[in-house]
DNA sequence: GGATAATTTGACCGATTGGTAAACATTACA
DNA sequence: TGTAATGTTTACCAATCGGTCAAATTATCC
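Residue numbers (the UniProt record's numbering), protein chains in the order written: chain A, 1 to 216; chain B, 1 to 216.
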């Protein structure tokens, strides 16, 4: 007699490990490309190379798959912001935050699009994460930035909108990739666009945040 | 005997005018919230307050509705960039471009999300518009910016990435609205966030683009 | 007012959706 | 090696999908 579904066993088997990995990889492909509602279990099953019921043996519902995927990716996704160091040199911290975020847009565009799709469609599945862990992390780092501004190390500015602007400019290269490529044309659509973007964004943010020469 | 479908008549009736308007309004609601694949004709019909066959009398397919919607919205959407004036004062042109884009994010968030959804999911329906009219417009304005830089009116920078960064930072407030609200918390989620954003972005871009005091 | 064209709807279609039941196959472990 | 738990598949389900059809209703114009 079979116990209804996977994950009921106390110990995870090797097969469970492998198949869940395989499924989440496929789910990332599909969800990031079509959003939750636009994706189908059949698509994911095909990409994962297994039958639909087999996939549903590991994740009971489409929502469960999405949930597991979000959980797995979210922590990693916030890593660059977490690395933001209050003790470091402001200019260097911001520069390296931009660089890291840009590297993630280049190396993990599917993860970026997964969240973009989710947030764009009203974040029905991650509202709690946004209002909880994300807000707390941003609040903490905003305080760091505010302190830098107060100490005259950078210009006085709204730290939240500064963070938003770094998020949006960097993630743009993952989320709006096809538009960026279309506008730049074939000749500038190689990986060089990320270096150009990095150069421009550092110039913009470092220049834009440099403290006023005359204190006020 | 009925001629198969609407729009076959040479003269558009009053009813056609009204109903098509009504449908596109509903379609904007639904498509912008769920993307093309995630939206259903039934949803749109319900929002539009009419039966599904009636809706399909005016637009033969879901794609036709989407197409009509995109066409109607695209021209308006590019208006701010078109207004970018080569003869104007660079600082003032950039400032007002940011302000205009931010106003559009505030006043027409559905339009912004419509495009965001489309581009995010690979732009399957607007590839031609991106590579054609959009690219041409951006090329033209990039040349203006390049000339300003050459003349020392603004700092030397990549004009394409400058435009991208204005797009991304401003549209962020429409496309990622729920995230912005979640992070800012209830107390800062009123319309005031657009004024704060405007202030910050002007500071960032004007400061970041100010020409080097020492030439070269 | 009546003919004609335009509009609207309920009933329906085949395909696809998320998900299930149960038989079958494989693995782990004593 | 046997057996119980785990893993996989075929066949299927009701609901929903995009879309059609023919009949009924309404507007238009002479």
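Every residue, glycine too, gets a C-beta built ideally from N, C-alpha and C.
Is there a Cβ from chain B that is less than 8 Å from the Cβ of residue i?
i	result
residue 227 (chain A)	Past the edges of chain A, shown from 1 to 216, lies residue 227 (chain A), and the structure says nothing about it.
residue 107 (chain A)	no
residue 96 (chain A)	no
residue 81 (chain A)	no
residue 125 (chain A)	no
residue 131 (chain A)	yes
residue 141 (chain A)	no
residue 153 (chain A)	no
Hey, does residue i have any beta-carbon neighbour from chain A nearer than 8 Å?
i	result
residue 175 (chain B)	yes
residue 74 (chain B)	no
residue 150 (chain B)	no
residue 117 (chain B)	yes
residue 164 (chain B)	yes
residue 138 (chain B)	yes
residue 100 (chain B)	no
residue 113 (chain B)	yes
residue 207 (chain B)	yes
residue 122 (chain B)	yes
Which of helix, strand or coil does DSSP assign to residue i?
i	result
residue 208 (chain B)	helix
residue 164 (chain A)	helix
residue 85 (chain B)	coil
residue 155 (chain B)	coil
residue 124 (chain A)	coil
residue 194 (chain A)	helix
residue 115 (chain B)	helix
residue 217 (chain A)	Since the first and last residues shown for chain A are 1 and 216, residue 217 (chain A) lies out of range.
When you compare each of the options to residue i by their alpha carbons, which one comes out closest?
i	options	result
residue 25 (chain A)	A:50, A:38, A:37, A:14	A:50
residue 108 (chain B)	B:177, B:23, B:82	B:177
residue 67 (chain A)	A:95, A:114, A:52, A:43	A:114
residue 194 (chain A)	A:86, A:148, A:100	A:100
residue 70 (chain A)	A:29, A:196, A:171	A:29
residue 92 (chain A)	A:164, A:154, A:72, A:55	A:154
residue 106 (chain A)	A:13, A:162, A:173	A:173
residue 21 (chain A)	A:33, A:152, A:59, A:122	A:59
residue 73 (chain B)	B:116, B:46, B:56, B:57	B:116
residue 129 (chain B)	A:189, A:14, A:83, A:180	A:180
Where do the N-terminal and C-terminal ends of the alpha helix (DSSP H) with residue i fall, by residue?
i	result
residue 185 (chain B)	Counting along the chain, residue 185 (chain B) falls outside any alpha helix (DSSP H), and DSSP gives it neither H nor E.
residue 73 (chain B)	62-77
residue 229 (chain A)	Not covered by the structure: residue 229 (chain A). The range shown for chain A is 1 to 216.
residue 32 (chain A)	14-38
residue 135 (chain A)	135-150
residue 52 (chain A)	52-58
residue 43 (chain A)	41-48
Relative to chain B, which residues along the UniProt domain "HTH tetR-type" (17-77) of chain A have a C-beta separation below 7 Å, given in chain order?
Residues of the UniProt domain "HTH tetR-type" (17-77) of chain A with a C-beta less than 7 Å from any C-beta of chain B: 33, 34, 35, 37, 38, listed in chain order.
Closer than 9 Å, Cβ to Cβ, to anything on chain A: give me those residues from the segment 175-191 of chain B, in chain order.
Cβ proximity to chain A below 9 Å picks out 175, 176, 177, 178, 179, 180, 181, 182, 183, 184, 185, 188 from the segment 175-191 of chain B.
Beta carbons nearer than 8 Å to chain B: which residues of the segment 193-204 of chain A have them?
The segment 193-204 of chain A vs chain B, Cβ under 8 Å: 196, 197, 199, 200, 201, 203, 204.
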